[in-house]
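Participant: Read in my numbering, the sequence shown has 284 at position 102, and its numbers run on one by one without any break.
Every residue gets a Cβ at the ideal spot worked out from N, C-alpha and C, and that includes glycine.
Computed from a predicted structure; not experimentally measured.
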Amino acid sequence: MKVVFDSFDGSSNIPARDYVRKKKMVKYFSRLSAAAMVSFGKLANGITLTPDMPIYYATGPLTHGETSYFHEMCDIFLSSSEPFSNKIFIERALPKMSPLHEFGALYNMPVCFISIEYGLVGDNASLCCGAAALLEQAKHSVYRGNIILGAGKLYSDGKIESAFAALTKAELNSIPQFSWDEDAIELFRVLEKEKAL
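#1: Could you pull the DSSP bridge partners for Gly332 from this structure?
#2: With a 10 Å radius around its C-beta and 16 neighbouring C-beta atoms as the bar for buried, classify Asn328 as buried or exposed.
#3: Less than 7 Å between C-beta atoms, sequence neighbours within five positions excluded: which residues of the same chain meet that for Ser361?
#4: Of the choices Lys375, Leu317, Glu318, Ala345, whose alpha-carbon is the least far from that of Phe222?
#5: At what residues does the alpha helix (DSSP H) containing Ser221 begin and finish?
#6: Could you please give me the residues that DSSP links to Asp188 through a beta bridge?
#7: Could you name the residues of the same chain whose beta carbon sits closer than 6 Å to that of His246, not counting the 5 residues immediately before and after it, in chain order?
#8: Run through DSSP, which three-state label would Asp257 get?
#9: Cα-Cα, which of Ser338, Leu331, Asp339, Ala198 is closest to Leu373?
#10: Could you work out which residue in Ala226, Pro197, Leu225 is closest to Ser212 when comparing CA atoms only?
#11: When you compare the CB positions of Glu299 and Val202, do they come within less than 8 Å of one another, or not?
#12: Have a look at the DSSP bridge pairing and note the partners of Gly382.
#13: State yes or no: is the C-beta of Pro292 within less than 8 Å of the C-beta of Ala218?
#14: Starting from Ala307, follow its DSSP beta bridges and name the residues at the other end.
#15: Which class does Gln359 belong to by DSSP, given the choice of helix, strand or coil?
#16: Tell me the rounded alpha-carbon separation between Cys256 and Val303.
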């Protein structure tokens with residue numbers, strides 16, 4: 183088992199450019215995607231990746247930091263006496279939003295960027311769930327080799343935790359059951375402690 187657990191505070195520069203071949207891709211990364219790319223890059227160093235290797239990744243609800251651009255758009259309507267209309271939205275609000283913001287609002291973008299960078303086409307699943315659901319998804323994989331699990335969590339203060347693990351099916355099945363409401367990132371705290379023993 184190989185486990186990588188990273189934490190970046192809200193003011194940290196996340197060095198995603200150091201972990202991608204196509205540097206232009208980084209402009210599309212949210213902070214969560216950047217952290218995931220760094221953690222996965224560390225995991226990939228020293229293990230053999232195959233295109234069909236599955237990756238299961240869990241994250242939680244988006245927070246203000248990832249969706250703040252929506253507030254800018256809403257301010258247009260709040261500061262106007264005119265009611266909401268598609269016309270005003272298209273003419274005034276939409277131009278305020280960069281198309282790049284959409285990449286930060288989609289839950290599957292961390293795994294999408296990792297899959298593109300590393301050529302992973304196996305069962306790639308992005309889940310908005312807790313630790314138990316992430317484990318259940320991975321345990322039902324029919325893949326016979328190593329399985330990659332990952333999780334990311336963005337806190338309201340901008341802190342990000344990102345983690346990945348490469349596990350055999352036997353290692354995966356030996357992980358104790360987690361509660362359904364426990365954050366997926368907590369699974370990786372446990373795995374990191376086990377690795378240290």
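Facilitator: By the coordinates alone:
#1: DSSP links Gly332 through a beta bridge to Tyr239, Phe346.
#2: A residue is called buried once 16 or more other Cβ atoms fall within 10 Å of its Cβ, and Asn328 is buried on that count.
#3: So the qualifying residues of the chain are Ala314.
#4: For the set Lys375, Leu317, Glu318, Ala345, the Cα lying nearest the Cα of Phe222 is the one of Ala345.
#5: It spans 213–226 - the alpha helix (DSSP H) in which Ser221 sits, taken as one unbroken run.
#6: Answer is Ser344, bridged to Asp188.
#7: Confidence at His246 is low in this model, with a pLDDT of 47, below 50, so its placement is unreliable and no value can be given for it.
#8: Residue state, collapsed to three classes: helix.
#9: By alpha-carbon distance to Leu373, the top candidate from Ser338, Leu331, Asp339, Ala198 is Leu331.
#10: Nearest of Ala226, Pro197, Leu225 to Ser212, Cα basis: Pro197.
#11: Judged by beta-carbon spacing, Val202 lies within the 8 Å limit of Glu299, meaning their Cβ atoms are closer than that value.
#12: A query on residue 382 cannot be resolved here, the shown segment of the chain reaching from 183 to 379 and no further.
#13: Contact flag set, yes.
#14: Paired residue(s): Tyr238.
#15: Taken through DSSP and simplified to helix, strand or coil, Gln359 comes out as coil.
#16: Rounded to the nearest angstrom, the two C-alpha atoms are 38 Å apart.
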